[in-house]
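Notes for the one structure printed next.
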Amino acid sequence: MLVAIFVGYHAHGILGAALAGAGMFLPASLVAALAAQYRDRLRQRAWARTIEGALLPIGIGLMATGAFTLMRSSIHDVLTASIALGAFAMLWRGWLPPIGVVALGGLIGWLAGA
Numbered sequence: 000m001l002v003a004i005f006v007g008y009h010a011h012g013i014l015g016a017a018l019a020g021a022g023m024f025l026p027a028s029l030v031a032a033l034a035a036q037y038r039d040r041l042r043q044r045a046w047a048r049t050i051e052g053a054l055l056p057i058g059i060g061l062m063a064t065g066a067f068t069l070m071r072s073s074i075h076d077v078l079t080a081s082i083a084l085g086a087f088a089m090l091w092r093g094w095l096p097p098i099g100v101v102a103l104g105g106l107i108g109w110l111a112g113a
């Protein structure tokens, strides 16, 4: 999804990147915002709770597949494995917010490569 922003930037600069980003993320954000308005009302219905429970394993599977794909493409040596394990531990314990873990991992990787 983020590739669209880079393509937009390459095609038309900052304006192209902004429009491509809006085109990628705005529709899904609007649908999520609309669904959030009705979520409390729908959660009171038995059929909605059943559907939510049925979709939970699918969401977990999709997240696990994404994590596995990222792991396969990004862990190449002891350093990257150490960064990944450290990031997992920090996220598991809640020591840093996710953006902080990403920034710290990037900084460690950059410093190690410099």
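Numbering (the numbering used here), first residue to last: 0 to 113. Each residue gets a CB set at the ideal place from its N, CA and C atoms; glycine is no exception.
Check, Outcome
"CB of Y8 within 8 Å of CB of A16, strictly", "yes"
"C-alpha gap between L61 and S73, whole angstroms", "18 Å"
"Where the alpha helix (DSSP H) through D39 begins and ends", "L1 to R42"
"Beta-carbon separation (whole angstroms), V77 vs A86, contact threshold 8 Å", "Going by Cβ atoms, the distance from V77 to A86 rounds to 15 Å, so no, they are not a contact pair."
"Secondary structure of L95, DSSP reduced to three states", "coil"
"Nearest candidate by alpha-carbon position, reference A19, set M89, A3 and G112", "A3"
"Per-residue burial, I82 [other beta carbons within 10 Å of its own, 16 or more giving buried]", "buried"
"Best match in M23, R71 and A63 for proximity to R1 [C-alpha to C-alpha]", "A small correction: the amino acid at residue 1 is Leu; Arg does not occupy that position in the sequence shown. It is M23."
"Reduced DSSP secondary structure (H/G/I, E/B, other) of I74", "coil"
"Rounded C-alpha distance that separates L69 from R48", "31 Å"
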